[in-house]
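Trainee: Mind having a look at this structure? Questions to follow.
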C-alpha cells in the first residue's frame, strides 16, 4: 500500500489557526496540483478545520474517521502529502487519556509517516487572546473553562491554563504520545504563507485571507464576563450577544455565530437592569477602560429598552440564502405507507397504549425492554438511572413518543399531546444548536439521530391528521419541529456523519429517504438520491453471497433483513430503482438462514449480540408464495404450519456458520430435536464476540452446550466484557498469546477447510488463526445414527515454547456435573445425560466452576438483554505442551 506523508496542525488555539485553515481550504486545488491534499471530509458544518476527526477520536471511533479519510484518498491521484488541522488536539491534550492519543497517532502512521505542526505565540499575547476566547465561547462540558466568570488574574491560576501556557511541556507531550517530531512555527503576520511555502518547497502565488476571528475589545470581553457570572441559559446568553452586535461590531466570529443562534423575540426576556449594575475596576489586568465600559453598558441599555418598547426596528442577521423545504400534504400518495401505515401500526399496538397511559397518568417512564423509572420532568436528557447506555439511547431518540400518541388516540385528551410537546421542545431548545463536539454521545449519535428524526416526523403528521385543531393552535411549535427535521436531515446527509456499512448506517439511510420523501424541495430530492445510493451500497455489503448478514448475530440478521423489507414495502418502485432486483439476489437465502438457525424450541440462539427470544413472521406479504417461506413457517411454528424443509444441515463457509440437525420432527415432538450450531468466524467488526470455533448444542428439549448471549452494550461492564471474550465461549484458551491488534487480520484468519451437509454424518472442518503465532484446526462432526458429537482439535504454535491449553465447555446451571477418571458426565433433572470422553492427548486436569466469584466472572449466560444468570464452565487442562491434538467425544443417553 502507498505510504503518505501526514502532517497534522495541532494548534495552538488563538495562533492563526483559523487563518491557516481558511487558506488551506481556499487554495486546496493549487495545493493538490503540488501533491498536497487538504481533505474536505471530517469537517463540521461550514468550518474549514477537521473537527470531526477530533470528535471521533474523543468517542473512541478513530477507525470510522480513518475509513472516511481513506475513502477520500482513494478519489485522488498523485497525492503524496496529507495535511489535517484542528487546534482541539492541543486544547484537549491533557483532558484525554494518554493511551487514546497513542492509539490515534499509531493508526494514522499505519497509512504513512507523521509530523505534527504547531504555531507558537508569545505567552503574553497568547494568554490574553485565549482568555478572551474562554470568556466568549459557549459553556461546554468538554471545556470547563468556557463561559468563564473569572478575571484574567484568577483565570491564570487554573491548572489547565498553566499547562497550556507551558509550550515546551506541550511539545514534549506531543512528541511522546505521537512518537513523531513536532515542527514549531513562530506566530506572525506571514506565518500562514510560510507554512504553505514550506509545504510545497516553493513560493506559491497566494494571498492569505483576512483573519476572521478579530479580537474583541477589552470592554466587550468584560461585559460578557460579568454576564457569565449570572450563569444564564444558553438561549438567553445568545440573545445578549445578539443585542451586543447592535451596539458595536463584535469582531469575534464566535460571538457573531452565537448572536445568530437567537431571534429578535428572544431579546424580549432580557433584563435591562443588569446593564445598570455593570461594575468597573474588576478586571484591571485585561486593560479595561472603565469609561469605555460604562459607555458601552449605557448604549446597550438604551438599545434594549427601545427594542422592548417597540420603538426601534431590528433587522435579521440571517442573510444567508435559505433553502425552502415544505412538508408534503397529508394526502400525498408518497406518505401512504411510509407515514400513515406506520402510524396505524403504532396506534393500534395495545402495549403502546398501556405504556403511554403509565407515562402520562402515573409518571412512570418505561423504555422497553427496561423497567419503568419515575418520571419527574423533561429537563434531564443525560440522566442514567439504570446505569445503561441503551436506556440513554432510547430516551434520546424519543422512543416514548409512540406511547403518548397511542394513548392520545385512545383517550382523545389533548393534554397528552402537550406533554409530548414539552418533551420535544425541551430537547430541541437544549441541543438543536449544538453539534457533534457535544460530549454526551447520544445527542448526535449516528443511530439515535436517525430514529429521533423518524419519531418527530410521525408526531408532526399525527397531529396534522388526527388532531388538526390542536395542530392549528400549535402551528408555531410544529413549524419549529419542521425546522428541527431539516437540521436532522442535514446531519444525516453528511458523509462524515454516515456510519457506512453498519446497521446504524442503514438506519441513517432509511430515515434520510423518509425525510426526502416527506419534504418537498430541491434539497429533499438530493436527500432521496443520496439515501437510495447508500441503501444500495448497504444492500451489497450487508449480506454474504450465502444470504447471511455480516454482523455476527442472528438477531441482527433478522433486524436488518426486516429493515430492507420495510423499505421495499414503504416506497414506490419507481423511487427505489433497482433495489428490488438487488434484494431478490439473496433474499430467499436470507430467509433460509433464519429457518435453519432457529432452535427446535422456536427461539433464536444467543450467538453474538442476540437474545434467546422468539422471532416473528414479517415475511408473508413478500415471500408467501415461495417454498422458502413454507420451510421457514414450519420452523417458526414448530411443525404446526408450513412444509418440512428438504435439507437437515447447512454449512455457510463464507459467512462462518454450520447448523446440523438430526431431523425435522412433527409438531408433537418438535422441541426434542438435536440442533448443533458452530460459529466458525466473524464477518465484520460490529456485534462480534471472540467466538471463533464456538459450538452450541440443544437436544432433547434442553440446552447442553451454551453461548453467553448479549447482556448489554455497556462496554466497561465486567459482565459485558466477559460475554464478548473467549472465556465465555466453547473454545480453547491458550497461554502466552493474544488477538492481533489488527481487526482486519482477524477477519482474514479463519476459513472452512472442508464440510459436508450429509444427512447422516455432517461435518465442518475449520482453520482458525486469530491468535498470534497459533494455528488451530477444529473439526466438528455429528453422527446422527449414534447421536454423538465429535470435536477434534489440532493446535500448533510457530515457536518452541511450551504452553498450557484449556478446552472450555459451558453448560446450563440446571445440569449436574460429575468428573470421574477423565470421563465427564453431565446430567439433566429428568435423567438425560451427556458424557464427554477424550482420545489423543490426555488431559492433566478437569475441573468446573459456576457463576461469579469475588468479582471474577467464571460462567454466565444472558437470555434476555440487561439480565444474566449463572451457568457452569468445565475446564479441560493440558499442561506445558508444544501443541495439542485431542479428540473430544460427546455421547448422549436419553
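Numbering (our numbering), first residue to last: 87 to 980. A virtual CB, placed ideally from N, CA and C, is assigned to each residue, including glycine.
To the nearest angstrom, report how far apart residue 202 and residue 92 are at their CA atoms.
Mentor: In the chain shown, residue 202 corresponds to position 116, counting from 1. In the chain shown, residue 92 corresponds to position 6, counting from 1. Distance between the alpha carbons of residue 202 and residue 92: 8 Å.
Trainee: Would you kindly work out how many angstroms separate the C-alpha atoms of residue 360 and residue 494, rounded to a whole number?
Mentor: The count along the chain shown starts at 1 and reaches residue 360 at position 274. The count along the chain shown starts at 1 and reaches residue 494 at position 408. So the alpha carbons of these two residues sit roughly 44 Å apart.
Trainee: At a cut of 8 Å, does the region 155-171 reach the region 123-143 through at least three beta carbon pairs?
Mentor: Segments in contact, yes.
Trainee: For the region 955-974 and the region 849-856, state whether three or more C-beta atom pairs, one from each stretch, are separated by less than 8 Å.
Mentor: Short answer: they don't touch.
Trainee: Would you kindly report the start and end of the unbroken alpha helix (DSSP H) that includes residue 676?
Mentor: Position 590 of the chain shown holds residue 676. Unbroken alpha helix (DSSP H) run through residue 676: 673-683.
Trainee: Just the Cα atoms here: how many angstroms apart are residue 837 and residue 221?
Mentor: For the purposes of this step, residue 837 is taken as the residue at position 751 of the chain shown. For the purposes of this step, residue 221 is taken as the residue at position 135 of the chain shown. Each residue's Cα considered, the two are about 59 Å apart.
Trainee: Could you check where the beta strand (DSSP E) with residue 860 kicks off and where it finishes?
Mentor: For the purposes of this step, residue 860 is identified with residue 774 of the chain shown, where counting begins at 1. That run of the beta strand (DSSP E) goes 860-869.
Trainee: What does a CB cutoff of less than 7 Å around residue 771 pick up in its chain, not counting 5 residues either side in sequence?
Mentor: Stepping through the chain shown from its first residue, residue 771 is reached at position 685. So the qualifying residues of the chain are 829.
Trainee: When the distance is taken between beta carbons, is residue 703 closer than 9 Å to residue 655?
Mentor: Here residue 655 is taken as the residue at index 569 of the chain shown, counted from 1. Here residue 703 is taken as the residue at index 617 of the chain shown, counted from 1. Cβ atoms of residue 655 and residue 703: not closer than 9 Å.
Trainee: Between residue 930 and residue 905, what straight-line distance do the alpha-carbon atoms span, to the nearest angstrom?
Mentor: Here residue 930 is taken as the residue at index 844 of the chain shown, counted from 1. Here residue 905 is taken as the residue at index 819 of the chain shown, counted from 1. Approximately 13 Å, taken between the alpha carbons.
Trainee: Less than 9 Å separating the beta-carbons of residue 512 and residue 465?
Mentor: Taking the first residue of the chain shown as 1, we reach residue 512 at position 426. Taking the first residue of the chain shown as 1, we reach residue 465 at position 379. Against a cut-off of 9 Å, the Cβ pair of residue 465 and residue 512 comes out as a contact.
Trainee: Less than 8 Å between C-beta atoms, sequence neighbours within five positions excluded: which residues of the same chain meet that for residue 223?
Mentor: Indexing the chain shown from 1 puts residue 223 at position 137. 229, 232, 233 and 340.
Trainee: Residues bridged to residue 229 by DSSP?
Mentor: In the chain shown, residue 229 corresponds to position 143, counting from 1. 226, per the DSSP bridge assignment.
Trainee: Whose C-alpha, out of 375, 379 and 350, is nearest the C-alpha of residue 363?
Mentor: As a working note, residue 363 is residue 277 in the chain shown. Nearest option by C-alpha distance: 379.
Trainee: Between residue 103 and residue 277, what straight-line distance do the alpha-carbon atoms span, to the nearest angstrom?
Mentor: In the chain shown, counting from the first residue as 1, residue 103 sits at position 17. In the chain shown, counting from the first residue as 1, residue 277 sits at position 191. So the two alpha carbons sit approximately 10 Å from each other.
Trainee: So what does DSSP say about residue 979, is it helix, strand or coil?
Mentor: Numbered from its first residue, the chain shown carries residue 979 at position 893. It is a strand residue.
Trainee: Got a sec? Which residues, its chain only, sit under 7 Å from residue 476 by beta carbon, not counting five neighbours each side?
Mentor: Translated into positions along the chain shown, residue 476 becomes position 390. So the list reads 798 and 799, once near-sequence residues are dropped.
Trainee: For residue 939, name the three-state secondary structure that DSSP assigns.
Mentor: To locate residue 939, count along the chain shown from 1; it is residue 853. Strand at residue 939.
Trainee: Look up residue 971 in the DSSP assignment and say whether it is helix, strand or coil.
Mentor: In the chain shown, residue 971 corresponds to position 885, counting from 1. Residue state, collapsed to three classes: strand.
Trainee: If you follow the beta strand (DSSP E) that residue 882 is in, where does it begin and where does it stop?
Mentor: Your numbering for residue 882 matches position 796 in the chain shown. It spans 874-883 - the beta strand (DSSP E) in which residue 882 sits, taken as one unbroken run.
Trainee: Where does residue 71 fall in DSSP's three states?
Mentor: Examination of residue 71 is not possible in this model, given that the chain is present from 87 through 980 alone.
Trainee: Buried or exposed for residue 960, please, with buried defined as at least 16 other CB atoms from any protein chain shown within 10 angstroms of its CB.
Mentor: One-based indexing of the chain shown puts residue 960 at position 874. Residue 960 comes out buried.
Trainee: Using only CA atoms, which one of 520, 478 and 976 lies nearest to residue 790?
Mentor: Stepping through the chain shown from its first residue, residue 790 is reached at position 704. Residue 976 is the option with its Cα nearest to residue 790.
Trainee: Is residue 996 buried or exposed, if buried means 16 or more other CB atoms sit within 10 Å of its CB?
Mentor: Lying before the first or after the last residue shown, residue 996 is absent from the chain, which here runs from 87 to 980.
Trainee: Which first and last residues belong to the alpha helix (DSSP H) in which residue 494 is found?
Mentor: Taking the chain shown and counting its residues from 1, the one referred to as residue 494 is at position 408. Looking at the DSSP string, the run of the alpha helix (DSSP H) that includes residue 494 is 487-497.
Trainee: Here's the rule I'm using: 16 or more other beta-carbon atoms within 10 Å means buried, otherwise exposed. How should residue 135 be labelled?
Mentor: The residue labelled residue 135 in the question sits at position 49 within the chain shown. By the neighbour-count rule (16 or more Cβ atoms within 10 Å), residue 135 is buried.
Trainee: Note down the Cα distance separating residue 565 from residue 558, rounded to an integer number of angstroms.
Mentor: For the purposes of this step, residue 565 is taken as residue 479 along the chain shown, with counting starting at 1. For the purposes of this step, residue 558 is taken as residue 472 along the chain shown, with counting starting at 1. Near 11 Å, if we compare the C-alpha coordinates of residue 558 and residue 565.
Trainee: Work out the CA separation of residue 518 and residue 130 for me, nearest whole Å.
Mentor: Mapped onto the chain shown, residue 130 falls at position 44. Mapped onto the chain shown, residue 518 falls at position 432. Answer to the nearest angstrom: the Cα atoms are 15 Å apart.
Trainee: Measuring straight from C-alpha to C-alpha, what distance separates residue 119 and residue 288?
Mentor: One-based indexing of the chain shown puts residue 119 at position 33. One-based indexing of the chain shown puts residue 288 at position 202. Distance between the alpha carbons of residue 119 and residue 288 is about 13 Å.
Trainee: Classify residue 852 as helix, strand or coil using the three-state DSSP reduction.
Mentor: For the purposes of this step, residue 852 is taken as the residue at position 766 of the chain shown. Correct three-state label for residue 852: strand.
Trainee: Specify the secondary structure class of residue 785 as computed by DSSP and reduced to three states.
Mentor: Position 699 of the chain shown, counted from the first residue, corresponds to residue 785. Strand at residue 785.
Trainee: Tell me the DSSP secondary structure of residue 656 in three-state form.
Mentor: Translated into the one-based positions of the chain shown, residue 656 becomes position 570. In this structure, residue 656 counts as helix in the three-state DSSP scheme.
Trainee: Tell me the start and end of each unbroken alpha helix (DSSP H) in the region 418-491 that is at least 4 residues and wholly inside, in chain order.
Mentor: As far as the region 418-491 is concerned, its whole alpha helix (DSSP H) runs of at least 4 residues are 428-434, 436-448 and 475-482.
Trainee: Could you check the C-alpha separation between residue 348 and residue 237 for me, to the nearest Å?
Mentor: On the chain shown, residue 348 is found 262 positions in, with the first residue counted as 1. On the chain shown, residue 237 is found 151 positions in, with the first residue counted as 1. For residue 348 and residue 237, the distance between alpha carbons rounds to 27 Å.
Trainee: At 4 residues or longer, and completely inside the region 224-280: list those alpha helix (DSSP H) runs for me, N to C.
Mentor: Taking only runs of at least 4 residues, the alpha helix (DSSP H) segments lying wholly in the region 224-280 are 238-241, 245-251 and 253-264.
Trainee: What does the alpha-carbon distance come out to for the pair residue 945 and residue 164?
Mentor: Mapped onto the chain shown, residue 945 falls at position 859. Mapped onto the chain shown, residue 164 falls at position 78. So the two alpha carbons sit approximately 55 Å from each other.
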